[in-house]
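Student: Here the sequence shown is numbered in our numbering, starting from 16 and rising by one per residue.
This is the structure, below, for whatever I ask next.
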Amino acid sequence: MGFLVIMNNFNMERFFLAASSYGFALACYEEALEWAQERKTFGKRLVDHQVVRHKLVDMATRLTTTLALLEDTAYRLGKPEMQGNELIAQICMLKNVATQTMQFCADAAVQTLGGMGFMRGTKSERIYRDVKVNMIGGGAEEIMKDLASRQLGY
């Protein structure tokens, strides 16, 4: 029974890593958006440049999809009848999606902030340094994919 307890603990660790990764990604997005609305280049705000708007939309899209999967997983965690192999697979997939979103948003935010993206004191700079820790913690991406595939029966 001890092994089962440990495995359940891993599932919650992975869920909480995913939730925190979403939060970090959101913080990067918000900082980049605020900067883009205030910073001026070539006579206009950064957000007035199409390429910057597209980058922000890409971040928002990933955040929206990650949040949907996060909320669905949280709902299923609260329903004992919905727990099982499919939920374990979903938690693995959620962790991968959330940490990939964090990685994308941190990178996009640092790019949007330009030189400020590397200055100590910006949220995005700090989060950018923590990306790999979140991606590896609780099981690296490849381990999550392998576990999910086994839970799904293939």
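Note that the Cβ used here is the ideal one computed from N, Cα and C, for glycine as well.
Take the Cβ of M117 as the centre, count every other Cβ of all protein chains shown within 10 Å, and call the residue buried at 16 or more, exposed below.
Tutor: For the purposes of this step, residue 117 is taken as residue 102 along the sequence shown, with counting starting at 1. With 16 or more Cβ atoms within 10 Å of its Cβ, M117 is classed as buried.
Student: What residues in its chain sit with their C-beta under 7 angstroms from that of M150, if we drop five residues either side in the sequence?
Tutor: Counting from one through the sequence shown, the residue named residue 150 turns up at place 135. These residues qualify, in order along the chain: T114, Q118, E156.
Student: Hey, how far is the Cα of A40 from the Cα of N111?
Tutor: In the sequence shown, the residue the question calls residue 40 occupies position 25. In the sequence shown, the residue the question calls residue 111 occupies position 96. Taking the Cα positions, A40 is about 13 angstroms away from N111.
Student: Could you have a look at K147 and say whether DSSP puts it in helix, strand or coil?
Tutor: As a working note, residue 147 is residue 132 in the sequence shown. The three-state reading of DSSP puts K147 in helix, counting H, G and I together.
Student: So, at 6 angstroms on beta carbons, what are the nonlocal neighbours of L61 in its own chain, with the 5 sequence-adjacent residues on each side left out?
Tutor: Residue 61 sits at position 46 when you count from the first residue of the sequence shown. Answer for L61: A51, R54, V67, listed in chain order.
Student: Give the straight-line distance between the Cα atoms of K70 and D63, rounded to the nearest whole angstrom.
Tutor: In the sequence shown, the residue the question calls residue 70 occupies position 55. In the sequence shown, the residue the question calls residue 63 occupies position 48. Straight-line Cα distance between these residues: approximately 12 angstroms.
Student: When you compare only the Cα positions, how much space is there between F31 and T56?
Tutor: Residue 31 sits at position 16 when you count from the first residue of the sequence shown. Residue 56 sits at position 41 when you count from the first residue of the sequence shown. So the two alpha carbons sit approximately 39 angstroms from each other.
Student: Which residues in the same chain have their Cβ closer than 8 angstroms to the Cβ of L167, if we skip the five residues on either side of it in sequence?
Tutor: Taking the sequence shown and counting its residues from 1, one reaches residue 167 at position 152. These residues qualify, in order along the chain: N100, E101, A104.
Student: Residue range of the alpha helix (DSSP H) that H69 falls in?
Tutor: Counting from 1 along the sequence shown, the entry for residue 69 is found at position 54. Looking at the DSSP string, the run of the alpha helix (DSSP H) that includes H69 is 65-92.
Student: Please report the distance separating the alpha-carbon of L109 from that of R165.
Tutor: Locating residue 109 in the sequence shown gives position 94, counting from the first residue. Locating residue 165 in the sequence shown gives position 150, counting from the first residue. Straight-line Cα distance between these residues: approximately 16 angstroms.
Student: Once the 5 residues before and after Y143 are set aside, which same chain residues still bring their CB inside 6 angstroms of it?
Tutor: Translated into positions along the sequence shown, residue 143 becomes position 128. Closer than 6 angstroms at the Cβ level, and outside the excluded window around Y143, lie A121, V125.
Student: Roughly how many angstroms separate the alpha carbons of D73 and G17, rounded to a whole number?
Tutor: Here residue 73 refers to the residue found at position 58 of the sequence shown. Here residue 17 refers to the residue found at position 2 of the sequence shown. Roughly 43 angstroms between the two C-alpha positions.
Student: Do the CB positions of K147 and E46 come within less than 9 angstroms of each other?
Tutor: As a first step, residue 147 is located in the sequence shown; it is residue number 132 there, counting from the start. As a first step, residue 46 is located in the sequence shown; it is residue number 31 there, counting from the start. Against a cut-off of 9 angstroms, the Cβ pair of E46 and K147 comes out as no contact.
Student: Could you tell me how far apart the beta carbons of A123 and L85 are, in whole angstroms, since I believe they sit closer than 8 angstroms?
Tutor: Residue numbering aside, residue 123 sits at position 108 when the sequence shown is read from its first letter. Residue numbering aside, residue 85 sits at position 70 when the sequence shown is read from its first letter. Not quite, the Cβ-Cβ distance comes to about 20 angstroms (not below 8 angstroms), so this is no contact.
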